[in-house]
Amino acid sequence: MLVIGGGMLLFAGADPGMLTKAKSLIKSTVIGLIVIFTAFMVVGVILNAIGLATWSANFYKDWMKGNFFQIPGC
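If you want this note's numbering, it's the position in the sequence shown, counting the first as 1, plus 581.
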């Protein structure tokens, strides 16, 4: 969506309607990503706090493996 919004912004030219749509799309996408990542972190902190999961991944090295939370016994 960021690429589409950027393309719309790039090709909008002097059309104020297209500029407004492009800016709105980019802003909505960024807000959505912030909500998703915040929810991921909140769930992780809660699971870690109650002892159901531990942070087990090195985010900078193993992010493609996807095993961020390990639930003991599973």
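Cβ atoms here follow ideal geometry from the backbone N, Cα and C, with glycine treated the same way. Being a predicted model, the structure only gives us computed values, none of them experimental.
Exposed is the label assigned to Ala595, since fewer than 16 other Cβ atoms lie within 10 Å of its Cβ.
The beta carbon of Leu590 lies closer than 6 Å to those of Ala603 in the same chain, with the five residues before and after it left out. Residue burial is scored here from C-beta neighbours: Gly598 has fewer than 16 other C-beta atoms within 10 angstroms and is therefore classed as exposed. The continuous alpha helix (DSSP H) containing Met589 extends over residues 583-592.
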